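Engineer: Take a look at this one; I'll ask things after.
Residue numbers (this note's numbering): 2 to 68.
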């Protein structure tokens with residue numbers, strides 16, 4: 002974990018914590034999970050739907066806009 006960014010609670014009271022992470026190597030593989038999708042961080046605002054972004058904390062939106 003490089004740094005903590007922010008947190009928020011979902012509609013069902015689930016805590017979501019946001020961290021900026023980096024790998025000590027470039028050997029990174031996306032998780033094999035149907036609920037997860039690997040995408041480049043610089044393109045995340047183009048990749049994620051506007052409805053999804055509306056649920057993010059403002060600090061997260063600012064973080065991705067600053068890339």
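C-beta atoms are modelled at their ideal positions from N, C-alpha and C, and glycine is treated no differently. Quantities reported herein were computed from a predicted structural model and do not represent experimental measurements.
Find the nearest neighbour of residue 3 within the set 25, 10 and 12, judged by alpha-carbon distance.
Structural biologist: Taking the chain shown and counting its residues from 1, one reaches residue 3 at position 2. That would be 25, whose Cα lies nearest to the Cα of residue 3.
Engineer: Please state whether the Cβ-Cβ distance between residue 60 and residue 17 is less than 7 Å.
Structural biologist: As a working note, residue 60 is residue 59 in the chain shown. As a working note, residue 17 is residue 16 in the chain shown. Not a contact, by the Cβ cut-off of 7 Å.
Engineer: Look up residue 12 in the DSSP assignment and say whether it is helix, strand or coil.
Structural biologist: Counted from its first residue, the chain shown places residue 12 at position 11. DSSP places residue 12 in coil when its eight states are reduced to three.
Engineer: What are the boundary residues of the alpha helix (DSSP H) that residue 66 is part of?
Structural biologist: By one-based count along the chain shown, residue 66 stands at place 65. Start and end: 59-66.
Engineer: Give the single residue among 66, 55 and 65 whose Cα lies nearest to the Cα of residue 11.
Structural biologist: The sequence position of residue 11 within the chain shown is 10, counting from 1. Residue 11 has its Cα closest to that of 55, out of 66, 55 and 65.
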